[in-house]
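As structure tokens, the structure follows; a few thoughts come after it.
Numbering (the numbering used here), first residue to last: 5 to 107.
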């Protein structure tokens, strides 16, 4: 599997939360966008569901079955330790200014 970097995904950023999400859902969306950097525009549907459920978790209104669905959604996004290895994403390589002198 080829490794993808953040550079290859910049054109398809996940963007802003949909207007229909409440404030807790929008905060969860933003948290996902910041902490799961491989998300792009094609993930909008599942990120919406995940943010909605995470917003309910924040307010204490998420049912047990909802918590299980949230766990499944996070897994599908590669946002759990067990599922991250399936993502095939790597952060962009950092430029080393000394590399040109020591290569």
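Idealized CB from N, CA, C, for every residue including glycine.
Measuring straight from C-alpha to C-alpha, what distance separates residue 84 and residue 78? 6 Å
On a Cα-Cα basis, can you pick out the residue from 20, 49, 53, 24 that is closest to residue 37? 20
Reduced DSSP category for residue 108 - H, G, I as helix; E, B as strand; rest coil: The displayed coordinates of the chain run from 5 to 107. Any statement about residue 108 would go beyond what the structure contains.
Express the C-alpha separation of residue 97 and residue 105 in angstroms, rounding to a whole number. 18 Å
By DSSP, does residue 17 sit in helix, in strand, or in coil? strand
CB of residue 62 to nearest heavy atom of the ligand COA: below 7 Å? Looking at this structure, you won't find the ligand COA or any other ligand, since it has none at all.
Assign residue 71 to buried or exposed, taking buried as 16 or more other Cβ atoms, counted over all protein chains shown, within 10 Å of its Cβ. exposed
Quick check on the DSSP output: the alpha helix (DSSP H) that includes residue 52 runs from which residue to which? 48-63
Which word fits residue 57, buried or exposed, when buried means at least 16 other C-beta atoms lie within 10 angstroms of its C-beta? buried
Supposed contact pair residue 91 and residue 33 - C-beta distance, whole angstroms, cut 8 Å: Not confirmed; about 19 Å, so no contact.
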